[in-house]
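Student:
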Amino acid sequence: MSPEEAERLVRSWLTSERIEIREQEDPRALMHLLVKYPQGKNGHMFAVVIPKGRDLLAISSMTRVDEGQQESMKGLMKTDEEEWKTWMHECRMQLIASGVDWGIHLGHSGKERKGPLQAFNVSEPLWFDGLTKNEMMQNLRSLWLAKLGVIHEIKYTFG
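The C-terminal position of the sequence shown is numbered 165 in the numbering used here, with every residue numbered one higher than the one before it.
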């Protein structure tokens, strides 16, 4: 499958599912879309990208942690450092168990990156030789659920 054919199919599939699409300018990509998944007020924004020179579709989403929640995290770091380390460990384990690629962004002082959690991202590559509507939609769903799991952990623990 050529990158142009993949782009045509992806656009067609997203449109057929009535998923909101926003075009993004990106000189490094053949296609860079922001899509809202799932539909409705609880949807999250995902980047759907075909990088130039690659034979894959990359889907990703970044989540920034609210300032108030970061302040609560700082409080826990000061009052119970072991509890903070346990909470971060459990977040990492949850992301690993989700099966998606992920990264976390921790605040730091000097060279140490102890926290608070400032943001996290989830992503998944889908190579053209396995690109189907089902695979793309299941990847969006898996990324959304992985993201939702961490968001709920943050809300439950830090308000």
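The beta-carbon is built from N, C-alpha and C at its ideal position, and this holds for glycine as well.
Would the segment 31-38 and the segment 120-130 be scored as touching if the rule is three or more Cβ pairs under 8 Å?
Tutor: Touching, no.
Student: Just tell me which of Ile56, Arg98 and Ser67 has its CA closest to the CA of glutamate 13.
Tutor: Numbered from its first residue, the sequence shown carries residue 13 at position 7. Out of Ile56, Arg98 and Ser67, Ile56 has the C-alpha closest to the C-alpha of glutamate 13.
Student: Tell me the rounded alpha-carbon separation between glycine 81 and glutamine 75.
Tutor: Residue numbering aside, residue 81 sits at position 75 when the sequence shown is read from its first letter. Residue numbering aside, residue 75 sits at position 69 when the sequence shown is read from its first letter. Computed Cα separation, rounded: 10 Å.
Student: Return the chain-ordered ranges of every alpha helix (DSSP H) run that is complete within the segment 38-104 and spans a minimum of 4 residues.
Tutor: The segment 38-104 contains these whole alpha helix (DSSP H) runs: 73-85 and 87-104.
Student: Taking 8 Å as the cut-off, decide whether the C-beta atoms of valine 54 and valine 16 are in contact.
Tutor: Position 48 of the sequence shown holds residue 54. Position 10 of the sequence shown holds residue 16. Yes, the pair counts as a contact, with Cβ atoms nearer than the cut-off.
Student: For glutamine 124, which three-state DSSP category applies?
Tutor: Translated into positions along the sequence shown, residue 124 becomes position 118. Of the three classes helix, strand and coil, the one that applies to glutamine 124 here is strand, per DSSP.
Student: Name the DSSP beta bridge partners of leucine 151, please?
Tutor: On the sequence shown, residue 151 is found 145 positions in, with the first residue counted as 1. According to DSSP, leucine 151 bridges with nothing at all.
Student: With respect to the alpha helix (DSSP H) encompassing arginine 17, which residues constitute its N-terminal and C-terminal limits?
Tutor: Against the sequence shown, residue 17 aligns to sequence position 11. Arginine 17 -> alpha helix (DSSP H) spans 9-22.
Student: Could you check if glycine 105 is buried or exposed, using at least 16 other CB atoms within 10 Å of its CB as the buried criterion?
Tutor: In the sequence shown, counting from the first residue as 1, residue 105 sits at position 99. Flag for glycine 105 reads exposed.
Student: Have a look at Gly121, Glu159 and Glu29 and flag the residue whose alpha-carbon is nearest the alpha-carbon of glutamate 88.
Tutor: In the sequence shown, residue 88 corresponds to position 82, counting from 1. Taking only the C-alpha atoms, the option nearest glutamate 88 is Gly121.
Student: Quick one: give me the first and last residue of the beta strand (DSSP E) that isoleucine 107 is part of.
Tutor: Numbered from its first residue, the sequence shown carries residue 107 at position 101. Position check: residue 107 holds aspartate in this sequence, whereas isoleucine was assumed. Unbroken beta strand (DSSP E) run through aspartate 107: 107-112.
Student: Between methionine 7 and leucine 137, is the Cβ-Cβ spacing less than 8 Å?
Tutor: Reading the sequence shown from its first residue, position 1 is the one you call residue 7. Reading the sequence shown from its first residue, position 131 is the one you call residue 137. Contact: yes.
Student: For a test of the three-state rule: what should DSSP assign to isoleucine 157, helix, strand or coil?
Tutor: In the sequence shown, residue 157 corresponds to position 151, counting from 1. Helix, per DSSP.
Student: Output the boundary residues of the beta strand (DSSP E) element that contains arginine 224.
Tutor: Because the chain spans 7 through 165 in this model, residue 224 falls outside it and cannot be assessed.
Student: What residues match up with leucine 146 in a beta bridge as DSSP calls it?
Tutor: Within the sequence shown, the letter at position 140 stands for residue 146. Per DSSP, none; premise fails for leucine 146.
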